[in-house]
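In my numbering, the protein residues as written are 3 to 452. No residue lacks a Cβ here, since even glycine has one placed at the ideal position from N, Cα and C. Computed from a prediction, not measured in an experiment: that's the story for all the values here.
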Amino acid sequence: MATSGRQLFGHPIGLSYLFFTEMWERFSFYGMRALLVLYMTKYLLLDPQISGSVLGYTALSNFLTSLFGPLSVIGISSQIYGLYTGFVYFTPFIGGWLADRHLGKTNAVYLGSIFMAIGHFMMAFESMFLLALLFLIMGNGMFKPNLGAQVGTLYEPGDQRIDSAYTIYYMGVNLGAFFSPLVCGTLGQTWGWHWGFGAAGVGMLIGTVVYWMGTKYLPQRNQRVVAATVQAGESEQGWVRPLMVIGYLCFVNILFWGVYEQQGNTLQVWADEKTNWSILGITVPSSWFQSLNPFFIVLLAPLLNRFWSWQRSSKSEPSTVVKMAIGCIFMAVAYLLMIAVAGMAQDGQKLNLIWVTSVVFLFTIGELYLSPIGQAMVSKVAPVRMVSMFMGIWYLSSFFGNYLAGYIGSYYDRMGNESYFTIMVGMSLLAVAMFLLPRKKLSAMLGGER
């Protein structure tokens, strides 16, 4: 049962607390992510004496080398980045299952917050680097599906506001992601890496306090396990079709995220090496690159919301599956632009910031057509007693996609930029075809869900 009572801008006030909780959690996550590859390639893995002091690094390095052959510093950093960001999106399935069966959503969020705060502060010690990543992975698995699932609990079934609610929530994600590279990235690249990681940990603690303050505005059932009984209007097998469709969409999304997540990996390296980061005569840290995407999301999300509302009123709004295909088309166009730009970056020439900014602008439109739309769809079609687990299943596509991004990224310095970006175009177009060809059957299996 959704909450009633206080409203803010036409939505339950609980949404604002979820918005700011997620904003601070994403501040911590993206602040750390903005520094992760740069930290490894410019400091941690450059000196064998330092990397040798990292608990478990020698074993991990030997394992990766046995699988993929000799790896450069960029190559092994890309593999670690892919493993970390991948498992960040694998563990939500486990965290969602634990919340649905044993913990309840509220307890899972608190537990995840504590684990992530510990992980961020452990990043201050080189020897604890891999252990810190493990804490962050486990914490995110508890936090992410269970906070996101609570957005849907604020609304009654059939409430048309839920799509816009998830887009608003997604703005919270990206507001935190916008500020974090500016704060954590600047501290890390100018004052010292550990200052940046420490700031990320403080952000996580603030998010935990915000959530605690807002629990009284959230449905009480979030604090307990929903009984595993068949809900009204739900057949014994009512979850099978939604699971099959979500599973297929997750499979296709792997291609999208494998392409999209190059932003935090090889494109960060590209932006650092080949872009002039002088703004009005002031040179800023290249980690500010990570702020471009969330800035555009905060700017574009309300505009796209209005555009979709206009399409809905004129009965021309695309279905969920078609929107996802449109998102992949924008990704293909972005990498076509990267191919053209890569041809201009020869002989160490630094390119104008406008080029990489234009690419990220296209990335952002693609993301908005896919990610929040998919979350809203899961919230609408998942059985009430399994919504956190279904949300975790949705994040599995990001797990495989992020690892795919890391795996592909290990070839970045082995081939020319044009060839590498051409592969990205091909993956994007393949995803478009896989979304569009079965779109009618997918919509029918979701009961006409748009």
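Judged by DSSP in its simplified three-state form, residue 321 adopts coil rather than helix or strand.
As summarised for the region 233-292, there are no continuous beta strand (DSSP E) elements at least 3 residues long confined to that stretch. Judged by their CB atoms, residue 403 and residue 147 are not nearer to each other than the 9 Å cut-off.
By the C-beta density criterion, residue 35 is buried, having at least 16 other C-beta atoms within 10 angstroms. Taken in chain order, the whole alpha helix (DSSP H) runs of length 4 or more contained in the region 59-93 are 59-70 and 75-90. Listed in chain order, the beta strand (DSSP E) runs fully inside the region 126-192 amount to none, counting runs of at least 3 residues. The count of Cβ pairs closer than 8 Å, one atom from the region 419-426 and one from the region 332-348, reaches three, so the stretches are in contact. For residue 285, same chain residues with a beta-carbon under 7 Å away, outside a window of 5 residues either side, are 279 in chain order. Taking 9 Å as the cut-off, the beta carbon of residue 260 is found closer than this to the beta carbon of residue 407. Distance between residue 111 and residue 149, taken at the CA atoms: about 6 Å.
When rounded, the separation of the alpha-carbon atoms in residue 20 and residue 363 is 26 Å.
Distance from the CA atom of residue 400 to the CA atom of residue 142, rounded to whole angstroms, is 13 Å. Judged by beta-carbon spacing, residue 366 lies within the 9 Å limit of residue 295, meaning their Cβ atoms are closer than that value. Across the structure, residue 253 and residue 282 are spaced so that their CA atoms are roughly 44 Å apart. Judged by beta-carbon spacing, residue 412 lies beyond the 9 Å limit of residue 52, meaning their Cβ atoms are not closer than that value.
The way I'd put it, the region 98-115 doesn't touch the region 173-183; fewer than three beta-carbon pairs between them come closer than 8 Å. Non-local beta-carbon contacts of residue 207 in its own chain, meaning distances under 6 Å to residues more than five positions away in sequence, involve 119 in chain order. Check the Cα spacing between residue 325 and each of 303, 95 and 373: the tightest is with 373.
Taking the Cα of residue 124 as reference, the smallest distance to any Cα among 359, 189, 201 and 331 is reached at 201.
Contact check between the region 129-136 and the region 39-58: three or more CB pairs, one atom from each, fall below 8 Å, which counts as touching.
Residue state for residue 374 is assigned as helix, using DSSP reduced to three classes. Following the DSSP letters along the chain, one finds residue 201 inside the alpha helix (DSSP H) bounded by residues 195-216. Shown here, residue 364 sits in a helix according to DSSP, grouped into three states.
If you draw a straight line from the Cα of residue 134 to the Cα of residue 315, it comes to about 49 Å. The beta carbon of residue 248 lies closer than 7 Å to those of 380, 392, 395 and 396 in the same chain, with the five residues before and after it left out. Secondary structure at residue 14: strand, using DSSP grouped into helix, strand and coil. Membership of residue 436 in the alpha helix (DSSP H) is indicated by the continuous run 419-438. Across the structure, residue 190 and residue 74 are spaced so that their CA atoms are roughly 23 Å apart. Residue 386: not part of any alpha helix (DSSP H); DSSP gives it neither H nor E. A Cβ-Cβ separation of about 4 Å places residue 29 in contact with residue 205 under the 8 Å criterion.
Note on geometry: alpha-carbon atoms of residue 39 and residue 357 lie some 22 Å from one another. Straight across, the Cα-Cα distance linking residue 291 with residue 299 is about 14 Å. Contact annotation: residue 42 and residue 82 have beta-carbon atoms nearer than 9 Å.
Assignment of beta-bridge partners to residue 353 by DSSP yields 277. Straight-line spacing of the CA atoms in residue 405 and residue 85 works out to 6 Å.
Annotated three-state conformation of residue 316 is coil, per DSSP.
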